[in-house]
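This note's numbering numbers the first residue of the sequence shown as -3 and each following residue consecutively. We put the CB at the ideal spot given by N, CA and C, even for glycine.
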Amino acid sequence: MGTRSNPAAIGAQIQGGSYTITINSVNLDDTSAVMAANPFNAAPDDGTTYALINATVTYTGKDSGNVGDVGFAYVTSSGNVIDSSDAFVV
-3 MGTRSNPAAI GAQIQGGSYT ITINSVNLDD TSAVMAANPF NAAPDDGTTY ALINATVTYT
57 GKDSGNVGDV GFAYVTSSGN VIDSSDAFVV
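Written out as C-alpha cells, the structure is:
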C-alpha cells in the first residue's frame, strides 16, 4: 500500500480490509463529464474541479460486500485531504 510520501502507482493493486482496489486512471479535472452526466449535479465550488477515478474494486471477504463501503480521498500538494464524500454527484 502507498503512503503520502510514496504513493502506490497507477495500476498497482492495493489491499485493505476485505477489498482489493486497482486505480486504473485518474482525471483531476473532469468537471465537464460530471456536469454532462446528470443535469441535477451541482457545479463545483469556485476554484475547484470534479475529479474522476476509474477503479476496479474487488471484494475478497467471506460473504458479500458493498462497493459503497469503499471511499477515495485525494491529498493536495498543500496536504489538504479531499474525500469522495465531500460532494455528492451522479
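C-alpha of D26 to C-alpha of N2: approximately 25 Å in a straight line. In this structure the segment -2 to 14 does not lie against the segment 29 to 46, because fewer than three pairs of beta carbons, one per stretch, are closer than 8 Å. Looking at the DSSP output, D42 sits in no beta bridge, so it has no partner there.
The straight-line gap separating the alpha-carbon atoms of N76 and A69 is approximately 10 Å. Beta-bridge partners of N50 (DSSP): S21.
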